[in-house]
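J.: Here this note's numbering is used: the first residue of the sequence shown is 6, the next is one more, and so on. By construction, the Cβ of each residue, glycine as well, lies at the ideal position given by its N, Cα and C atoms. Below you'll find the structure I mean.
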Amino acid sequence: MNLRRWIGIGLVLCFALPTVAHAGRGADGEYEERRSSHFVLYQDVDIDRTSGFYGSRRFEQQVLEVLEGAYRQLDAAIGLRPRDAIVVTIHDPEIFAERFTGLFRFPAAGFYGGTIHVRGSTQVTDALVRVLHHELVHAAFDQALPRVALPAWFNEGVAEWFEARALGLHHISPQHKRVLREVAAEGQLFSLAQLSTRALGHLGPREAGLAYLQSRAFVDFLVRERGDKRLRDLCRRVARTGDLVDAIERIYRRDLARLEADFVDALRRGSY
Ligand SMILES: [Zn+2]
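In structure tokens form, the structure reads like this:
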């Protein structure tokens, strides 16, 4: 595949991993702690702590507001309401790189490993909003199903779909669809079976770009074909039973292989 094709995909890459112990103290030993109704936030970004519009207290309040907003949207979009407080740690970018880079083969903006870890920013940017929404989906499924490893295409696809929605991006862009159609025409899409590992961290940057995009596109396809409500029903049922295959058959009245074939067909015909 042509490397140039991937320029411009620009996904926020982040994913679920098994539990990583939360370090209570950062390199400077001063992770600030703040709480809201559903979250405990630690942050260690080097921000002026004293005052000012972008002072650390203001930043932390804004992050918690984003998270609480995301929590409400999570219920509306996928029907999940995690009951236990969710721990979110925003690391200084250098410390994040030092501690976690070895976990991934591609540049990650954050990940979920029992708690949410995010590569820091000193302001609430669109990129930070996206990664917080994304990791919240992983946290919610993990809290509902602590012993179930969901297939990556579902966990990542819903997380990617939810984070894009947070910025008003309700559908896959024409550019990304063009990429998917070209890959489908060459017969080089991943199969959903290949995307059913627990995480996608083993993939190189180019493959990861396609894997995340394809996962989101399949979820987007389901929403476009069958509506938002069915996706919400699916997520709620999966969170209750842990059985994705059965939930798909009950909600969509088709098995996963048939839905996957419909998706690939639609890409090849240009109708998706
Ligand atoms: Zn993810």
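(1) Taking the alpha helix (DSSP H) that Tyr117 falls in, what are its first and last residues?
(2) Output yes or no for whether 9 Å exceeds the beta carbon distance between Ala244 and Leu150.
(3) Bridge partners of Leu46, per DSSP?
(4) Could you work out which residue in His43, Leu272, Gln48 and Ala262 is closest to Arg183 when comparing CA atoms only?
(5) Quick check on this structure: which residue in Gly125, Leu174 and Thr202 has the alpha carbon closest to the alpha carbon of Ala154?
(6) Looking at C-alpha atoms only, which residue of Leu141, Gly74, Ala75 and Phe111 is the closest neighbour of Gly209?
(7) How is His122 classed by DSSP in three states: helix, strand or coil?
(8) Would you mind working out which of Gln193, Gly214 and Ala189 sits nearest Val269, comparing C-alpha positions?
(9) Given a cut-off of 9 Å on the beta-carbon distance, is the pair Arg124 and Val142 in contact?
(10) Please state the DSSP three-state secondary structure of Phe111.
(11) Taking all protein chains shown into account, do 16 or more other C-beta atoms lie within 10 angstroms of the C-beta of Val50, making it buried, or fewer, making it exposed?
(12) Please say whether Arg237 and Ala114 have beta carbons closer to each other than 9 Å?
(13) Out of curiosity, what's the CA-to-CA distance linking Glu161 and Gly118?
(14) Hey, would you say Trp166 sits closer than 9 Å to Ala216, going by beta carbons?
T.: Let me spell this out:
(1) Reading the sequence shown from its first residue, position 112 is the one you call residue 117. First-last for Tyr117: Gly115 to Tyr117, but that is the beta strand (DSSP E), not the alpha helix (DSSP H).
(2) As a position in the sequence shown, residue 244 is number 239, starting the count at 1. As a position in the sequence shown, residue 150 is number 145, starting the count at 1. It is a contact, given that the beta carbons lie within the stated cut-off.
(3) Your numbering for residue 46 matches position 41 in the sequence shown. Note: Leu46 sits in a beta bridge opposite Arg39 and Val93.
(4) Stepping through the sequence shown from its first residue, residue 183 is reached at position 178. Measuring from the Cα of Arg183, the nearest candidate turns out to be Leu272.
(5) The sequence position of residue 154 within the sequence shown is 149, counting from 1. It is Thr202 whose Cα lies nearest to the Cα of Ala154.
(6) Taking the sequence shown and counting its residues from 1, one reaches residue 209 at position 204. That would be Phe111, whose Cα lies nearest to the Cα of Gly209.
(7) As a working mapping, residue 122 is identified with position 117 in the sequence shown. Correct three-state label for His122: strand.
(8) Stepping through the sequence shown from its first residue, residue 269 is reached at position 264. That would be Ala189, whose Cα lies nearest to the Cα of Val269.
(9) Position 119 of the sequence shown, counted from the start, is the residue given in the question as residue 124. Position 137 of the sequence shown, counted from the start, is the residue given in the question as residue 142. No, the Cβ-Cβ distance between Arg124 and Val142 is not below 9 Å.
(10) For this step, residue 111 is matched to residue 106 along the sequence shown. Phe111 falls in the coil class under three-state DSSP.
(11) For the purposes of this step, residue 50 is identified with residue 45 of the sequence shown, where counting begins at 1. It is buried - the Cβ of Val50 has at least 16 other Cβ atoms within 10 Å.
(12) Here residue 114 refers to the residue found at position 109 when the sequence shown is read from its first residue. Here residue 237 refers to the residue found at position 232 when the sequence shown is read from its first residue. No, they are not a contact pair.
(13) One-based indexing of the sequence shown puts residue 161 at position 156. One-based indexing of the sequence shown puts residue 118 at position 113. So the alpha carbons of these two residues sit roughly 14 Å apart.
(14) Along the sequence shown, one-based indexing puts residue 166 at 161. Along the sequence shown, one-based indexing puts residue 216 at 211. No, the pair does not count as a contact, with Cβ atoms beyond the cut-off.
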